[in-house]
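Chains as they are written, first to last, in the numbering used here: chain A, 88 to 363; chain B, 13 to 298; chain C, 59 to 341.
Have a look at this one:
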């Protein structure tokens with residue numbers, strides 16, 4: 088189950104998107120997500136779709152990989168769609184028993200589904216093309232201005248990168264402890280919710296103990312290697328913008344401009360004669 | 013000048029009961045003298061709980077002595093102002109390879125130490141390459157540490173220390189969690205650093221086959237140094253070592269048993285050849 | 059209780075890029091009461107093999123018969139299997155979780171659904187067998203020393219009264235004293251209760267003294283399966299797969315090349331001493 092989540096999994100490939108500065112990708116992704124919610128019209132979504140397909144093609148990441156991330160949110164999507172479909176008031180289209188599907192319901196449900204899918208695919212595109220390290224570096228440097236508000240940006244970035252390093256280790260450890268307890272007759276599958284929750288104690292206690300031990304060891308190792316916060320630290324791979332990064336920022340402005348124009352002109356809506 | 017000079021070292025800590033009351037004072041290190049010349053290879057042998065790891069943590073000022081003094085490259089470890097300099101002089105490699113690798117990519121982990129020291133980018137890359145080559149892991153520079161074997165991870169950890177260009181490396185049971193292949197890889201790497209780059213090595217271990225390679229062996233028990241000398245001197249005390257339930261090489265033990273059975277063998281035989289030569293001499297003489 | 063392994067294959071990650079054959083056509087018979095060493099370096103498949111024996115991994119093909127019954131047949135009780143084939147994992151102390159040692163040891167038998175008196179009697183007996191007396195009952199498992207923790211974890215499996223006890227690297231990370239304590243304890247257990255023991259290890263030297271039989275694994279296959287002396291005779295091949303025979307093997311071989319009488323059955327220091335004294339006619 089956890090393995091299905093593509094967020095945070097890097098897919099190595101040689102593409103322009105892979106090479107972009109992580110800050111560019113972060114800003115692009117944030118803007119892309121905002122655009123999904125601000126420009127909610129059919130014409131705009133056609134533009135967004137074309138851009139997204141284009142970006143995926145350029146990234147050289149197989150579409151299959153992107154779709155994997157969707158599996159994790161399938162249930163969430165289903166619930167959202169059903170709620171919107173049946174609970175939006177408006178002009179009735181179909182009536183099944185006591186449930187009414189309205190024209191507006193179909194529209195909202197479809198938009199919601201598209202938004203969710205694009206949101207996941209868009210952010211997967213960033214995480215699949217950016218190493219976790221670059222991502223944290225990007226955040227550290229890109230969000231440095233927050234230091235003014237006493238946000239510990241360096242510390243947060245360091246914590247994220249340590250988490251990224253230890254998640255696979257702890258996953259493996261979970262598997263090991265689970266097996267060891269199963270060898271002692273523990274049952275993690277059958278029984279009701281309460282029994283299942285209780286059954287997790289033999290798994291969680293050793294896992295926490297181990298995590299604390301590791302944290303303790305790691306803190307000592309970091310100290311021994313002279314770590315004393317972000318002050319005066321240099322970076323093996325310092326971030327600096329290249330011309331392709333500037334081009335990407337420019338493209339981002341073009342993307343927004345096109346969306347605004349399309350939103351106003353609304354060619355598809357005019358053609359189909361629907362309200363916008 | 014001596015790189016390490018410790019006199020009458022004592023480390024005490026207070027053990028608390030569940031209720032948070034002081035229960036007992038524990039002397040983990042009890043009156044230890046330790047000295048090392050630049051380029052020395054010293055092995056500290058002893059059981060778990062003998063105080064050897066506690067002593068090791070003093071050498072780069074993770075712990076400071078309760079009594080006595082410890083100078084690392086002329087700097088007092090109790091002086092807060094020399095803390096970072098001491099940590100740079102005496103690098104430390106720990107037991108669990110997973111819990112000391114910070115970076116998610118090999119080269120970034122190796123750079124972690126020098127990054128903390130504020131080494132400029134160009135120099136960083138030089139150091140990363142040099143240290144990864146020194147431990148034979150340069151080809152793995154863009155790998156994730158998670159996919160490496162225990163021995164390889166430990167070599168990455170060593171490279172991370174080497175990149176800080178320390179004069180001395182303290183290794184706290186670096187092979188305890190490794191298989192024989194990994195153990196050999198790590199020890200070979202350490203020996204290489206000692207021989208070619210003259211880095212002072214303090215190796216904490218409970219494997220006698222590793223201690224044999226050192227210039228000098230210190231045996232610790234209950235916080236005290238109970239025996240020290242060259243490997244030959246130490247391991248020839250077969251009875252003493254066995255009383256303290258420490259291993260001696262099978263060949264040394266065999267020689268000692270044969271000697272007890274009446275054969276005229278010299279003390280402190282450490283290798284198969286030495287034993288075979290000595291036995292040949294006896295056989296030829298009959 | 060005998061275990062028969064027939065043409066066992068195990069492939070993991072089938073159909074993905076990570077596909078790897080971890081076990082290749084393994085056939086073995088472990089008769090009742092044997093003390094067996096399974097030796098191999100990391101990645102040789104030894105841990106994978108033993109996890110099949112109590113059903114934690116399921117073979118891709120082949121069969122495992124316990125007392126003549128296939129564990130893969132419909133309706134075979136995994137609970138029963140796990141109570142009769144006990145598996146102690148590597149670094150088993152990481153599975154301790156209860157507030158005191160005694161309760162932790164009770165966890166296994168409790169899962170078997172036994173009555174309270176039986177559970178406690180078994181736990182006490184298991185703790186005695188590993189050398190932890192009543193004074194340890196109420197101690198938190200996290201306060202024990204490394205060797206004690208490990209013994210407590212082994213007691214947790216012993217309390218399930220398995221007929222076959224499998225230990226995956228039970229001495230990993232222990233100092234020589236802790237290692238000898240564990241191995242001596244297992245030898246006592248084997249002698250006194252006649253339990254079948256499978257000891258997974260990467261150290262020939264450690265197991266040579268204790269086991270009746272050594273199975274050497276390499277790249278997912280069985281390379282050798284013989285008495286210790288028979289296995290050590292292949293010391294050159296063993297080195298090629300990242301293993302080594304005990305040092306005495308090298309000593310006796312060196313002496314043989316120097317014209318001493320061959321003594322290829324020697325596996326321990328004691329035997330080497332006798333062989334050398336014999337050759338010198340001192341006995």
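For each residue, glycine too, the CB sits at the ideal point set by N, CA and C.
CB contact check: residue 137 of chain C to chain A, cutoff 8 Å: yes
Three-state class that DSSP yields for residue 89 of chain A in the structure shown: Reliability fails at residue 89 of chain A, whose pLDDT of 42 lies under 50, so the model's placement of it is uncertain and no value is given.
Cβ pair residue 160 of chain C, residue 196 of chain C closer than 8 Å: yes
Residue range of the alpha helix (DSSP H) that includes residue 204 of chain B: 192-209
Contacting residues, own chain, Cβ-Cβ under 7 Å from residue 113 of chain B (five flanking each side not counted): 121, 157, 165, 168 and 169
Which listed residue (B/214, B/52, B/149 and B/25) has its alpha carbon closest to that of residue 197 of chain B: B/149
Residue 283 of chain C beta carbon less than 8 Å from that of residue 86 of chain C: yes
Residue 91 of chain A, buried or exposed, once every other Cβ within 10 Å from all chains shown has been counted against 16: Note that residue 91 of chain A scores a pLDDT of 43, beneath 50, so its modelled location is shaky and nothing firm can be said.
Within chain A, the residues that residue 66 of chain B reaches when beta carbons sit closer than 8 Å: The contacting residues do not exist; residue 66 of chain B stays about 13 Å from chain A at best.
Residues in the stretch 280-309 of chain C having any Cβ partner in chain B nearer than 9 Å: 300, 301, 302, 304, 305, 306, 308 and 309
Any chain B beta carbon closer than 8 Å to residue 310 of chain A: yes
Nearest-angstrom beta carbon gap, residue 77 of chain B and residue 117 of chain B [assumed within contact, 8 Å]: With 8 Å as the limit, residue 117 of chain B and residue 77 of chain B do not qualify as a contact, their Cβ atoms being about 38 Å apart.
Selection from B/268, B/129, B/61 and B/56 that minimises the alpha carbon distance to residue 38 of chain B: B/61
Min CB distance residue 188 of chain A to chain B below 8 Å: no
Contact the stretch 185-205 of chain C vs the stretch 110-127 of chain C: 3+ CB pairs below 8 Å: no
Inter-residue spacing [alpha-carbon to alpha-carbon] between residue 89 of chain B and residue 237 of chain B: 21 Å
Contact with chain A by residue 158 of chain B, beta-carbon distance below 8 Å: yes
C-alpha distance - residue 251 of chain A paired with residue 111 of chain A, whole-angstrom precision: 21 Å
Residue 35 of chain B - containing beta strand (DSSP E), residue span: 34-48
Burial state of residue 144 of chain A, where buried means 16 or more other Cβ atoms lie within 10 Å: exposed
Secondary structure of residue 284 of chain C, DSSP reduced to three states: strand
Residue nearest to residue 199 of chain A in terms of C-alpha spacing, selected from A/169, A/240 and A/345: A/169
Residue-chain proximity (residue 141 of chain C, chain A), Cβ-Cβ < 8 Å: yes
Partner residues on chain B for residue 110 of chain A, Cβ-Cβ distance less than 9 Å: Here the premise fails: no neighbours, minimum Cβ distance about 18 Å.
With 16 other Cβ atoms within 10 Å as the buried cut-off, status of residue 339 of chain C: exposed
Proximity of residue 54 of chain B and residue 227 of chain B at Cβ, strictly below 8 Å: yes
Contact under 8 Å by Cβ, residue 152 of chain C with residue 254 of chain A: no
Cβ contact check for the stretch 255-270 of chain C and the stretch 168-185 of chain C: 3 or more pairs under 8 Å: no
Spatial distance of residue 89 of chain A from residue 269 of chain A (CA atoms): For residue 89 of chain A, the pLDDT reaches just 42, beneath the cut-off of 50, and the residue's location in the model is therefore unreliable, although a value from the coordinates is still provided. Straight-line Cα distance between these residues: approximately 20 Å.
Cβ neighbours of residue 102 of chain B in the same chain (closer than 7 Å, five flanking residues each side left out): 71, 72, 84, 178, 180 and 182
Three-state class that DSSP yields for residue 284 of chain A in the structure shown: helix
Assumed close pair residue 119 of chain B, residue 79 of chain B - CB separation to whole angstroms, cut-off 8 Å: Wrong, their Cβ atoms sit about 43 Å apart, outside the cutoff.
Separation of residue 186 of chain A from residue 112 of chain C, as counted between CA atoms: 53 Å
Bridge partner(s) assigned by DSSP for residue 55 of chain B: B/215 and B/229
Neighbour list for residue 220 of chain A in chain B, Cβ cutoff strictly below 8 Å: 115, 116, 117 and 120
Whole-angstrom distance between residue 100 of chain A and residue 106 of chain A, CA atom to CA atom: 10 Å
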